[in-house]
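In the numbering used here, the protein residues as written are 5 to 94. Heads up: the structure comes next, in C-alpha cells.
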Amino acid sequence: MKLPYEEIESVVVSAVEKAMRTKAVATWPKDRSLHEIPDGIFDSLASLEVFTQIERALRIKPLIPDGPDTKLDTIAGISTWVHTKAEEAR
Numbered sequence: 005m006k007l008p009y010e011e012i013e014s015v016v017v018s019a020v021e022k023a024m025r026t027k028a029v030a031t032w033p034k035d036r037s038l039h040e041i042p043d044g045i046f047d048s049l050a051s052l053e054v055f056t057q058i059e060r061a062l063r064i065k066p067l068i069p070d071g072p073d074t075k076l077d078t079i080a081g082i083s084t085w086v087h088t089k090a091e092e093a094r
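Encoded structure:
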C-alpha cells in the first residue's frame, strides 16, 4: 500500500511539533530550516524523536538516515525522504 505524500507530511508536521514542543511548525514554510524556528530547538535529539514518532504513526520499520550528508531539516525534506524510505521499509 502506497502512502500518500500529504498523509506523510501531516505526520511529519505533527511529529516535529511534538518533538520541538511548539505549534509554530504548523504555519512554518515547508522548505525553511527547522533550526530557524524561534521558539523551538531542532537538534539531533529532536530529530531522533521525530523519526521514532513517524515510524510509530506510519507503522513502518525503523528509518535510518543515509549518512551524515543527509540533510533533513525542513518539513518538505523530511516528508520527501520519509515518502521514499517508507515504501522501501514496508
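Backbone N, C-alpha and C fix where the C-beta goes; we use that ideal spot for every residue, glycine too. These figures come from a predicted structure and were not determined experimentally.
Considering only the beta carbon of each residue, do residue i and residue j sit closer than 8 Å?
i	j	result
T58	V17	The sequence shown places Ile at residue 58, not Thr. No, Cβ-Cβ distance for I58 and V17 is not below 8 Å.
A90	L7	yes
A30	E53	no
Closest by CA to residue i, which one among the options?
i	options	result
K75	Y9, I12 and F46	F46
K34	S83, A19, H87 and E92	S83
I12	I68, D70 and R63	R63
S51	K65, I79 and P42	I79
G44	A28, R36 and E92	A28
R36	G81, E21, R60 and P66	G81
At which residues does the alpha helix (DSSP H) containing residue i begin and terminate?
i	result
L52	S48 to L62
A23	Y9 to M24
Measuring only between beta-carbons, confirm whether residue i sits less than 8 Å from chain D.
i	result
F55	Within the model displayed, chain D is absent; a lone protein chain is all it includes.
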